[in-house]
Amino acid sequence: MEITALATLLLILVLSFMFIYSTWDKMYRKSNLPPGPTPLPVIGNLLHVKRGEMVKSLDQLKEKYGSIYTLYFGSRPVVILCSYQMVREVLIDHGDEFSNRGHMPTVDRFFNAHGPILSNGERWKQLRRFTLMTLRNFGMGKRSIEERIQEEANFLIEELRNHKRMTSLFFLRKIMLISFIISNKTQKV
947 MEITALATLL LILVLSFMFI YSTWDKMYRK SNLPPGPTPL PVIGNLLHVK RGEMVKSLDQ
1007 LKEKYGSIYT LYFGSRPVVI LCSYQMVREV LIDHGDEFSN RGHMPTVDRF FNAHGPILSN
1067 GERWKQLRRF TLMTLRNFGM GKRSIEERIQ EEANFLIEEL RNHKRMTSLF FLRKIMLISF
1127 IISNKTQKV
C-alpha cells in the first residue's frame, strides 16, 4: 500500500515537473527576442533587478548582454534599450514596427481598447488623425483659443472668490458642477 502511494506521488511530481518545464520552454524560448538572462518559471527575471537599485541592476546586465537585451517580468517579455543609438534605431528608423502598445488583457477586458489612448495600429492612426483635425478646428495651436480659455478661467476664479463664504457642501457641489461642465458631461447635481 505504501509503495503504491509513493509511486503515485512520484508520478505526480514527474508530471508536474514536465508540465512546468514545457510551459517554461514555450514561454521563454522565443528566438526573435534579444538575448538576456535565463528567466525562472512564474517570476521571470525579477530576481535580477534589485529593489531600489534598478538602474544599477540594468547597467550590470548591459555590461553582460550589450545595449539591447530581454528581461521577463513574470511571463511578460520586456526589451531593454540601453543606448541612445539603439533607442534612435528602434523608435525612429523602425518606428512602424514598434509603434503598437503591448497587449494588456485587463485594459482590453474593461475598455475594449477603444479611444485614442488605448487603441493600437491602424485604428490608433485614424483616431489620432481625427482628434488632431477636430482640435485644430476648435483652434488648437492658435492664439485666439488660448486667450478665450484664459478669459473664461479668470471669470471662473472670480466667481469662486465671490462665493467663498458659502457652506462647504454647497461649494463642493458647485465645484462638481463646474467640473462636469468643463469635461462636457451632464449629471444631476
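Per this note's numbering, the very first residue in the sequence shown carries number 947; after that it's consecutive.
Glycine is no exception: its CB is placed at the ideal position from the N, C-alpha and C atoms.
If you're wondering where the values come from, they're calculated on a predicted model, not measured in any experiment.
Query	Result
How would you label Q1133, buried or exposed, when you count the other beta carbons within 10 angstroms and need 16 or more for buried?	Bear in mind that the predicted position of Q1133 carries a pLDDT of just 39, short of 50, making it unreliable; the figure below should be weighed with that in mind. Flag for Q1133 reads exposed.
The alpha helix (DSSP H) spanning T1080 covers which residue range?	G1067 to N1083
Hey, quick one: how far does the alpha helix (DSSP H) through V1033 stretch, first residue to last?	Y1030 to R1034
Might you give, ordered along the chain, the residues of its own chain that have their beta carbon closer than 7 Å to the beta carbon of F1084, omitting 5 neighbours on each side?	I1091
Run through DSSP, which three-state label would F965 get?	helix
Considering only DSSP beta bridges, list what T1151 is partnered with.	A query on residue 1151 cannot be resolved here, the shown segment of the chain reaching from 947 to 1135 and no further.
From L994 to S1003, what does the alpha carbon distance come to, in whole angstroms?	In the sequence as presented, Leu is not what sits at residue 994; that position holds His. Each residue's alpha carbon lies about 7 Å from the other.
Assuming S1013 contacts M1032 under a Cβ cut-off of 8 Å, what Cβ separation, rounded to an integer in Å, is found between them?	5 Å
Out of curiosity, what's the CA-to-CA distance linking Y1030 and L1037?	10 Å
With which residues is L986 paired in a DSSP beta bridge?	G990
May I have the straight-line CA-CA distance separating L1078 from N1108, to the nearest angstrom?	37 Å
Going by DSSP in three states, V995 sits in which element: helix, strand or coil?	coil
Quick check: the Cα distance between Y967 and R1034, rounded to an integer number of angstroms?	37 Å
Whole angstroms is fine: what's the gap from K1131's alpha carbon to Y1015's?	Residue placement at K1131 is poorly supported in this model, since its pLDDT is 40, which falls under 50; the coordinates are not used for a value here.
Which same chain residues end up closer than 6 Å to E990 when comparing Cβ atoms and leaving out the 5 residues on each side of it in sequence?	Inspection of the sequence shows that residue 990 is occupied by Gly rather than by Glu. Excluding sequence neighbours, G990 sits near Y1018, F1019 and G1020.
Suppose you measure from the CA of R1022 to the CA of K1088; what does that come to, to the nearest Å?	43 Å
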